[in-house]
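Using the working numbering, you'd call the opening residue of the sequence shown number 15 and step up by one each time.
For every residue, glycine included, the Cβ atom is placed at its ideal position computed from N, Cα and C.
Worksheet for the structure shown next.
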Amino acid sequence: EQSGMDVMVVTGDRDSYQLVRDPHVRVLYNKRGVSDYALYNESGIFERTGVTPAQYADYAALRGDPSDNLAGIPGVGEKTAAKLINQYGNIDGVIAAANEQTPKLKAGLLEHGERVKRNAAMMVLRRDVPLEIDLQQLAPFPDMAAAGQMFEFLEFRTMAKRLADVVKAARWETRGEAVVQTQSKNSVSNETMGAVAVVSKADEAATALSGLSSLVLAAHFESDPGRSQVLGIAVVIDAETGNVMYIPRDILLAPGVQNVLTSGVPIISHDAKPMMRALLADSVDLRHLVLDTAIAAYLVNPSRSSYSLAAVSADVLGREPTTSSESDGQFDFGGTDDAVRACAEAAFFTALLAPVLTEQLKEIHNESLYADIENPLVRVLAKMEHVGIAVDRAALEGIRDRLTEETVALTSSLHDIAGRPFNLNSPTQLREILYTEHGLSPGKKTKTGFSTDAATLEKIRDQWPEFVDPLLRYREVEKLRSTYGEGLLGEVAADSRIHATFNQTVARTGRLSSDKPNLHNIPVRTDEGRVFRTAFVASKGCSLLVADYNQIELRCIAHLANDPGLIGAFAAGQDIHQATAARVFGVRSEDVTHDQRSKAKMVSYGLAYGMEAYGLSQRLAIGVDEASGILNAYFEAFPNVKQYMDEAIQTARQTGYTETLFGRRRQIPELLSDNFRVRQAGERQAMNAAIQGLAADIFKIALVRIDALLEDQKFESRIVLQVHDEVIVEVPEHEREVVGPLVLDTMRGAANLSVPFEVHAAWGETWAAAKG
């Protein structure tokens with residue numbers, strides 16, 4: 015300041031407000047999070063606090079500063095503190111005028127005045143500390159090589175570009191050269207989008223499309239992507255010039271334009287499935303997709319938090335679209351004035367991403383994984399979503415109504431037991447009933463009070479079973495009623511079918527997930543939960559074929575570990591859990607008890623998810639030592655499994671990722687953490703990623719092949735649902751004898767492992783009838 019230089023103090027500490035002096039010293043204050051900042055000069059400080067920077071210490075002392083554990087005058091907040099300082103000048107003046115205040119404020123000033131004066135003195139930032147400063151040494155002198163390496167390791171590609179731009183603009187001296195590229199060598203992100211031509215004639219659109227070697231597309235939806243009409247599509251005409259064509263809906267659906275879109279010209283898009291699904295409703299089948307840049311980005315790095323076009327563009331290109339509005343990773347341009355340009359920009363950025371991600375797929379040898387499995391699966395899932403699964407609305411309403419009746423009865427009963435009405439869904443009111451009024455010994459405490467979660471209720475149920483038992487039952491029934499009764503009814507479309515969404519880019523292992531609604535979570539562990547499957551039905555004249563892989567993860571473990579004991583048991587068709595229990599507990603197979611089989615089953619499936627002794631002890635409700643003994647016995651019985659697990663962790667540490675037989679990679683940076691718990695979690699991921707990933711690959715292959723066979727042989731049968739390792743096919747009665755064996759043979763032959771695949775299949779008019 016004395017040298018006449020401008021000073022900006024970047025801080026989240028309000029004590030720094032007192033440093034502000036016009037015209038040279040300002041404070042950039044972090045108000046909230048990482049992006050909400052305010053730059054204050056003297057007038058800004060006064061506007062923010064009501065006092066000048068010179069008065070700030072006295073103001074803060076009166077108000078109190080909890081962050082520094084300094085108490086103020088009770089009842090004095092920011093407004094009162096500012097009013098007092100402005101009226102009396104400083105803290106001494108305020109205390110001297112104590113007799114002029116209200117009785118409460120007077121008492122506070124007289125009782126705490128001396129303490130507050132001491133606090134004010136402590137809050138003053140010293141300006142007279144002798145400090146020799148060489149201003150030249152304060153000049154930025156970044157090591158660009160080190161910064162480049164760190165930013166690349168952390169995948170801060172946008173920040174790396176910003177740093178380079180700032181260094182260039184400020185003309186800073188630097189040392190070292192950036193040894194890594196902040197963008198891919200194939201990136202063309204310096205290009206900008208050019209003209210957007212909105213076509214008004216179908217023949218013009220068809221002619222323009224016919225001249226393209228590939229179609230880079232983005233869709234403009236009426237509302238929810240995939241679930242509403244496509245109002246138009248954008249097509250990149252020339253990626254080098256950035257010229258894009260927008261085709262409105264009426265032109266898009268003209269026969270000539272449809273013919274070009276479905277003629278076999280390769281299609282490139284980002285998150286293509288919503289567009290494919292929506293256009294299937296218009297009888298436009300975009301079957302010639304060759305690259306979905308969202309799926310490609312997922313294969314390159316399945317640990318990203320988002321695969322939206324904006325997120326992937328920022329990561330890969332170092333910049334992102336400027337006119338888009340994204341929701342759930344998909345573009346929803348609504349009906350805004352910028353909709354056409356936003357759609358065009360989405361297509362343009364997809365064109366920029368395509369060559370970069372294609373090269374990245376090659377670098378990790380994932381061309382086959384993408385082309386043979388993930389790419390064709392996009393259309394399979396789009397078709398499955400479009401078709402949906404039939405629902406008996408009356409049956410679903412009946413289930414909902416029965417659950418509602420039980421919740422009403424339970425509510426009335428619990429009110430009677432408690433002695434008064436209360437909201438069963440309110441933790442606060444429930445705490446009053448349990449701990450205040452009835453005096454139960456509380457369990458764990460949360461930041462809002464003693465817990466009322468299910469685990470806590472289980473622990474205290476013996477103290478008041480006549481209340482806690484029906485309360486637990488109420489929660490179970492209410493969850494079924496609200497989530498599945500009301501929830502599923504709200505998702506039944508006008509065609510009496512539920513059209514859920516299935517996601518390829520959510521689970522890091524490669525597994526598919528479901529939402530809107532989540533049909534993977536239809537409950538199966540209780541009779542009340544399983545009854546929901548009775549509402550999922552076959553169309554008239556059809557049956558549902560439900561086929562699922564039996565113990566696919568365990569078969570993957572046997573193959574990957576090449577363990578002769580497991581391979582032999584599977585090859586002989588033995589009850590794998592009984593055979594495992596016999597080896598682990600050292601008894602004959604016929605002497606295995608139900609308890610021993612259950613424990614062996616838990617160990618086998620637990621290993622597929624990286625479970626260790628503590629987790630096993632929790633699942634089996636036994637001590638950690640006993641659980642550790644069971645695990646050790648398992649590894650002694652199947653030594654190759656232990657060796658495989660250890661090698662999987664070691665390989666992942668060396669390479670930074672795991673890899674399935676089909677090349678699917680998963681990065682596991684947790685293995686390099688300094689935190690022991692994080693590192694342990696990384697080891698569990700390393701153990702199970704290849705197992706889960708291989709199971710996912712096999713199921714996806716089966717799904718793609720089943721769909722291809724049904725389509726190529728022109729069957730009317732169609733895939734209507736996928737749940738974990740289970741596929742549900744709606745089959746006309748006249749196709750049952752052919753389609754049933756075709757589906758089973760396809761699933762059994764999806765991959766060539768050292769153990770055979772066992773597929774369970776059943777038929778029924780409802781999902782429940784087939785599945786049981």
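Using only the alpha-carbon positions, how far apart do ALA325 and GLU697 sit? 28 Å
Would you give the residue range spanned by the alpha helix (DSSP H) that PRO269 belongs to? 269 to 275
Does the structure place the region 672 to 691 close enough to the region 722 to 729 that three or more beta carbon pairs sit under 8 Å? no
At a cut-off of 7 Å, would you count ALA662 as near the ligand HEM, judging by its Cβ distance to the nearest heavy atom? Inclusion of the ligand HEM in the displayed structure is not the case, the ligand content being empty and no account of it being possible.
Does the Cβ-Cβ distance between ILE474 and LEU444 come in under 8 Å? no
SER283 and MET289 look like a contact to me (Cβ under 8 Å); what is the Cβ gap, rounded to whole Å? 6 Å
Quickly, what does DSSP pair ILE261 with across the bridge? List them, please. ILE247
Looking at C-beta atoms only, is the number of pairs between the region 550 to 562 and the region 770 to 785 that lie closer than 8 Å three or more? yes
List in chain order: all unbroken alpha helix (DSSP H) runs of 4+ residues lying wholly within the region 436 to 517. 441 to 445, 468 to 474, 479 to 493
Out of curiosity, what's the CA-to-CA distance linking ILE636 and ARG597? 20 Å
Counting only runs that start and end within the region 373 to 434, where is the beta strand (DSSP E) found for 3 or more residues in a row? 403 to 405
When THR594, ASP605, SER527, ILE281 are compared against TYR619, the one with the closest alpha-carbon: THR594
For a test of the three-state rule: what should DSSP assign to HIS774, helix, strand or coil? strand
Reducing DSSP to helix, strand and coil, say where GLU740 ends up. strand
Is the region 576 to 592 close to the region 644 to 656, with three or more CB pairs under 8 Å? yes
Quick one: residues in its chain with C-beta nearer than 8 Å to the C-beta of THR66, no 5 flanking neighbours on either side, listed in chain order? GLU56, ILE59, PHE60
Answer yes if the region 532 to 547 comes into contact with the region 705 to 719, meaning at least three C-beta pairs across the two stretches below 8 Å, and no otherwise. no
Which residue wins for smallest C-alpha separation from LYS93, given the options ILE109, SER81, GLY122, TYR73? TYR73
Whole angstroms is fine: what's the gap from THR8's alpha carbon to VAL354's? Residue 8 lies beyond the stretch modelled for the chain, which goes from 15 to 786, so this question has no answer here.
Do you know how far the Cα of ILE403 is from the Cα of ARG793? The requested residue 793 does not occur in the structure, where the chain is confined to residues 15 to 786.
Based on the DSSP output, what are the partners of GLN699 in its beta bridges? DSSP output for GLN699 lists no bridge partner at all.
May I ask which residues mark the beginning and end of the alpha helix (DSSP H) holding ALA627? 627 to 634
Below 7 Å CB to CB, which residues in the same chain sit around SER510 once its five sequence neighbours on both sides are set aside? ALA404, VAL405, ARG407
Could you round the C-beta distance between VAL743 and ILE733 to whole angstroms and report it? I think they count as a contact, below 8 Å. 6 Å
When the Cα atoms are used, what is the spatial distance from GLY270 to GLY670? 50 Å
Can you grab the Cα-Cα spacing for the pair ASP609 / VAL545, in whole Å? 28 Å
So THR336 is in the alpha helix (DSSP H); what residue range does that whole segment cover? It is not in any alpha helix (DSSP H) - THR336 carries neither H nor E in the DSSP assignment.
ILE281 by DSSP, collapsed to three states: which one? strand
Nearest-angstrom Cα distance between ALA704 and THR672? 6 Å
Inspect the beta-carbon positions of HIS573 and VAL769 and report whether they are closer than 8 Å. yes
Quick check on DSSP: helix, strand or coil for ASP157? strand
Within 8 Å, strictly: CB atoms of ARG487 and LEU424: yes
Endpoints, beta strand (DSSP E) assigned at GLN681: 679 to 681
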